[in-house]
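Protein chains in written order, with our numbering: chain X, 1361 to 1704; chain Y, 151 to 435.
No residue lacks a Cβ here, since even glycine has one placed at the ideal position from N, Cα and C.
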Amino acid sequence: MAVADPRLLRWSETSEPSNRAEAMSSAEAFARHLAGQRLRERIFRGSTLAAAILLLLLLGGVVVSLLHGAWPAFSRFRLAFITKDVWNPVTDQYGALSAIYGTLVTSALAMIFALPVSFGIAVFLTELAPPWLKRPVGVAIELLAAIPSIIFGIWGLFVLAPALQNSVEPWMDGHLGELPLVGALFRGAPYGIGFLTAGIVLAIMIVPFISAVMRDVFETVPDVLKESGYGLGATTWEVIWRVVVPYSRTGMIGGIMLGLGRALGETMAVTFVIGNAHQISASLLSPGTTISAAIANEFTEATTPLYTSSLIALGVLLFVITFAVIAAARLMLLRLGRRALASA
Amino acid sequence: MTRRTIRKLVNLLALGMSAVATAIGLIFLGAILWTLVKDGVAGMSAAVFTQSTPPPGSTSGGGLLNAIYGSAIMTVLGVLIGAPIGVLAGTYLAEYGRNSPLSSVIRFINDVLLSAPSIIIGLFVYELIVVPMGNFSAISGAVALAIIAMPVIVRTTEDMLNLVPQGMKDASTAMGAYPWRTITSIAYPAARSGMVTGLLLAVARISGETAPLLFTALNNQFWSTSLKAPMANLPVVIFQFALSPYDNWQQLAWAGALLITFAILVLSIMARVAVSRLGAGAGRK
């Protein structure tokens, strides 16, 4: 038998008693080698652990530093910071209510627009599209997710806002404005920028995220279940609505909340089209502001320490809201196993 | 109408609506790309790549050279800071700490960081670096981008290492290799294309980020290479110029928007090709 490795040959030779001294030194060399390996092992293992713990510290650091920066504002205004809608840099009075209102309204609008479209896309991609169409359409929708938010912002400002101003908004004011109860939502001068435009831009941005998660959870539905439905004579839609949707409910809600988390925290796209007015208005056509838009717009212009602190306090509110939503979404998706959200 | 006809109609209607929904998604993608190409190409000129951003009040000329340079520098620095940490943390999650309770917590934290609003990260880095340093700086911008890139890299590293067959790692261990040797010599090479994909996705993600740069790197009208000074970058220039009243500034904003979107789409498509090649490789085994 040929010995492939010359080192092995040397080990067998040195184990001869006549070569004891040499054997000793070789054994020492081997021990040194082992010690070196152990040291490297400890260093490598330690650095991976350190990097992992750094992630924990990072989140902790975000919380601590934001609270530290927001402290002056919180201690000065206390609860009034979230219950009042005065935002006046001249008198140094700040209340976040209008920004919170804007964040919630634009996100709600975005969800209303995005949900049916995302669901439709997921259904189309999993149940309807012929195989040759599936991949290109799927990739195209995913590319929509890769476009940076600032691009949505300038597109919204220069293309969507004028279009809405000239067609949709005057129509809403004229036709829906007179309706009882809901009329107030659609009444007002068509500025082009405001809650409605921001909601639409946000919807376009989150559709790819929600539909990607929905598509992935739809694909986890076992074929046997669907085939049982078809075997009973159900139509494609009935199989989707009665088999696929109930089976993937948790995952769908997780994906929806992930999209909601994005909508709540989205900054640049909204900043362009919201109008940046600290006001609460029933009309969807009027300008407003959101938490993130206020921070982005005013932070570098904040002249007093209290102003800066109030903007950081806005950040704390945003963090609390989005953290709750994202954490809930992740916990739901976690139950499905991590593979299902590889594309999220 | 019989019940059967109604069911068939509902089916047709629902499936038709789903096709319409897909069409709506594609139409918006097309509309955005069309505007970008139309206005971006109109704003494109040699000056975009050879001159710095124009001073306030100048109504003609100017380019984006300093912003392109700044974006490239901060993106590269962000990845250089974020990638080693991200890869190591991902390695811990996939190998050393695969089943430990600490890993579950870190996975969850990483998922939260992955979806956290980027403007929050900007505020954090402002408090962490800009306030102690006393001024806006390129390095703080790079750190903000690194924090945004990190969770993406952690996630892809862990997922890709999990795809490496256990048998390969066992074989290495049976040869007497320590875990660090197994990971660096066996697992990393096997997972390489997937990890590179993760890096590409991270670069694509951070190169278009605007919000975290607004109060870290800010902007700089002049050519600057100092990491301690504010640095121009494409996203913030696009933000400021698009909202300006000057025609030439708006044109530059569109040119910048086209450049950045084009770069990101190329990166995303490259990442996708790498993944599909990886999938084909795994299928053959």
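- Item | Listed by chain order, chain Y residues near residue 1400/X by CB distance under 9 Å | Your numbering for residue 1400/X matches position 40 in the first sequence. Correct list: 328, 330, 331.
- CA-CA distance, residue 216/Y and residue 396/Y? Indexing the second sequence from 1 puts residue 216/Y at position 66. Indexing the second sequence from 1 puts residue 396/Y at position 246. It is roughly 19 Å from the alpha-carbon of residue 216/Y to the alpha-carbon of residue 396/Y.
- Query: In whole angstroms, what is the alpha-carbon distance linking residue 1497/X and residue 1626/X?
  - Reply: As a first step, residue 1497/X must be located in the first sequence, where it is residue number 137. As a first step, residue 1626/X must be located in the first sequence, where it is residue number 266. Distance between residue 1497/X and residue 1626/X, taken at the CA atoms: about 25 Å.
- Query: For the putative contact between residue 311/Y and residue 241/Y, defined by C-beta atoms under 8 Å, what is the C-beta separation to the nearest angstrom?
  - Reply: As a position in the second sequence, residue 311/Y is number 161, starting the count at 1. As a position in the second sequence, residue 241/Y is number 91, starting the count at 1. Yes, they are in contact, since the Cβ atoms of residue 311/Y and residue 241/Y sit about 7 Å apart, within 8 Å.
- Could you name the residues of the same chain whose beta carbon sits closer than 7 Å to that of residue 1691/X, not counting the 5 residues immediately before and after it, in chain order? By 1-based counting over the first sequence, the position of residue 1691/X is 331. Correct list: empty, nothing qualifies.
- Task: Could you tell me the boundaries of the alpha helix (DSSP H) in which residue 1494/X lies?
- Result: In the first sequence, counting from the first residue as 1, residue 1494/X sits at position 134. 1491-1506 is the span of the alpha helix (DSSP H), which, as asked, contains residue 1494/X.
- Look up residue 1675/X in the DSSP assignment and say whether it is helix, strand or coil. Locating residue 1675/X in the first sequence gives position 315, counting from the first residue. Correct three-state label for residue 1675/X: helix.
- Message: So within the stretch 1535-1595 of chain X, which uninterrupted alpha helix (DSSP H) runs reach at least 4 residues, ignoring any that extend past its ends?
- Response: For the stretch 1535-1595 of chain X, whole alpha helix (DSSP H) runs of length 4 or above, ordered along the chain, are 1543-1546, 1555-1578, 1583-1591.
- Give the DSSP-derived three-state secondary structure of residue 1454/X in the structure shown. If you number the first sequence from 1, residue 1454/X lands on position 94. Secondary structure at residue 1454/X: strand, using DSSP grouped into helix, strand and coil.
- Test item: CB-CB of residue 203/Y and residue 1628/X under 7 Å: For the purposes of this step, residue 203/Y is taken as the residue at position 53 of the second sequence. For the purposes of this step, residue 1628/X is taken as the residue at position 268 of the first sequence. It is not a contact, given that the beta carbons lie outside the stated cut-off.
- Flag this pair as yes or no: are the beta carbons of residue 1655/X and residue 1666/X separated by less than 7 Å? The residue labelled residue 1655/X in the question sits at position 295 within the first sequence. The residue labelled residue 1666/X in the question sits at position 306 within the first sequence. Cβ distance not < 7 Å, so residue 1655/X and residue 1666/X don't count as in contact.
- Bridge partner(s) assigned by DSSP for residue 1447/X: The count along the first sequence starts at 1 and reaches residue 1447/X at position 87. Residue 1447/X is bridged to 1454/X.
- Tell me, please, which residues DSSP counts as bridged to residue 1648/X. Walking along the first sequence from the start, residue 1648/X turns up at place 288. Residue 1648/X is bridged to 1635/X.
- Message: I'd like the span of the alpha helix (DSSP H) that includes residue 466/Y, first residue to last.
- Response: Nothing about residue 466/Y can be reported from this structure: the residues present for chain Y run from 151 to 435 only.
- Should the stretch 1603-1612 of chain X be regarded as contacting the stretch 1517-1526 of chain X, the criterion being three or more beta carbon pairs within less than 8 Å? With a cut-off of 8 Å, the stretch 1517-1526 of chain X and the stretch 1603-1612 of chain X do not count as touching, because too few Cβ pairs lie within range.
- Task: Grab the span of the alpha helix (DSSP H) containing residue 247/Y for me, first residue to last.
- Result: Here residue 247/Y refers to the residue found at position 97 when the second sequence is read from its first residue. If you look at residue 247/Y, you'll find it isn't in any alpha helix (DSSP H); DSSP assigns it neither H nor E.
- Can you name the residues of chain Y whose CB is closer than 8 Å to the CB of residue 1514/X? Here the question's residue 1514/X lines up with position 154 in the first sequence. Within 8 Å Cβ-Cβ: 388, 392, 403, 404, 407.
- Taking residue 301/Y and residue 1508/X to be in contact with their CB atoms under 8 Å, please state how far apart those CB atoms are, rounded to whole angstroms. Your numbering for residue 301/Y matches position 151 in the second sequence. Your numbering for residue 1508/X matches position 148 in the first sequence. About 17 Å separates the two Cβ atoms, so there is no contact after all.
- Task: Find out if the Cβ-Cβ distance for the pair residue 303/Y, residue 236/Y is shorter than 7 Å.
- Result: Reading the second sequence from its first residue, position 153 is the one you call residue 303/Y. Reading the second sequence from its first residue, position 86 is the one you call residue 236/Y. With a cutoff of 7 Å on beta-carbon distance, residue 303/Y and residue 236/Y are scored as near each other.
- Query: How far does the alpha helix (DSSP H) with residue 219/Y in it reach, from first residue to last?
  - Reply: Residue 219/Y sits at position 69 when you count from the first residue of the second sequence. Residue 219/Y -> alpha helix (DSSP H) spans 215-241.
- Message: Please confirm whether residue 155/Y has its beta-carbon closer than 7 Å to some beta-carbon of chain X.
- Response: As a working note, residue 155/Y is residue 5 in the second sequence. For residue 155/Y, the answer is no, since every Cβ of chain X falls outside 7 Å of its Cβ.
- Work out the CA separation of residue 1664/X and residue 1651/X for me, nearest whole Å. One-based indexing of the first sequence puts residue 1651/X at position 291. One-based indexing of the first sequence puts residue 1664/X at position 304. Between residue 1651/X and residue 1664/X, the alpha-carbon positions lie close to 19 Å from each other.
- Endpoints, the alpha helix (DSSP H) within which residue 1438/X is located: As a working note, residue 1438/X is residue 78 in the first sequence. Boundaries cannot be given for residue 1438/X, as no alpha helix (DSSP H) includes it and DSSP labels it neither H nor E.
- Apart from the five residues just before and just after residue 365/Y, which ones in its own chain have a Cβ nearer than 6 Å to its Cβ? Here the question's residue 365/Y lines up with position 215 in the second sequence. Excluding positions up to five away in sequence, the list reads 272, 276.
- Item | Residue from 1414/X, 1428/X, 1490/X with nearest C-alpha to residue 231/Y | Walking along the second sequence from the start, residue 231/Y turns up at place 81. When only C-alpha atoms are compared, the closest one is 1414/X.
- Using a Cβ cut-off of 7 Å, which residues of the stretch 1664-1690 of chain X contact any Cβ in chain Y, in chain order? Those residues of the stretch 1664-1690 of chain X that come within reach of chain Y (Cβ to Cβ, closer than 7 Å) are 1672, 1675, 1678, 1679, 1682, 1683, 1686, 1687, 1690.
- Per the contact definition of three or more C-beta pairs closer than 8 Å, is the stretch 1458-1469 of chain X in contact with the stretch 1637-1653 of chain X? Segments in contact, yes.
- Proximity of residue 1669/X and residue 1432/X at Cβ, strictly below 7 Å: Residue 1669/X sits at position 309 when you count from the first residue of the first sequence. Residue 1432/X sits at position 72 when you count from the first residue of the first sequence. Yes, they are a contact pair.
- Pick from 1568/X, 1623/X, 1503/X: whose alpha carbon is nearest that of residue 412/Y? Here residue 412/Y refers to the residue found at position 262 of the second sequence. Checked all of 1568/X, 1623/X, 1503/X; the closest Cα to residue 412/Y is 1503/X.
- Message: With a threshold of 8 Å on Cβ separation, who are the neighbours of residue 209/Y within its own chain once the five nearest residues in sequence on each side are excluded?
- Response: For the purposes of this step, residue 209/Y is taken as residue 59 along the second sequence, with counting starting at 1. Correct list, in chain order: 396, 397, 398.
- Message: Strictly below 8 Å CB to CB, what residues from chain Y border residue 1428/X?
- Response: Looking up residue 1428/X in the first sequence gives position 68. Identification of chain Y residues near residue 1428/X by a Cβ-Cβ cut-off of 8 Å yields 277, ordered along the chain.
- Query: On the three-state DSSP scale, how would you describe residue 378/Y?
  - Reply: Your numbering for residue 378/Y matches position 228 in the second sequence. The three-state secondary structure of residue 378/Y, taken from DSSP, is coil.
- Message: Is there a C-beta anywhere in chain X that falls below 7 Å from the one on residue 418/Y?
- Response: Numbered from its first residue, the second sequence carries residue 418/Y at position 268. Chain X, which has a Cβ nearer than 7 Å to the Cβ of residue 418/Y, makes this yes.
- Query: Within 7 Å (strictly less), CB to CB, does residue 1361/X reach chain Y?
  - Reply: As a working mapping, residue 1361/X is identified with position 1 in the first sequence. A caution first: residue 1361/X carries a pLDDT of 39, below 50, which makes its placement in the model unreliable, though a value can still be read off. Not closer than 7 Å to any Cβ of chain Y, the Cβ of residue 1361/X fails to qualify, so no.
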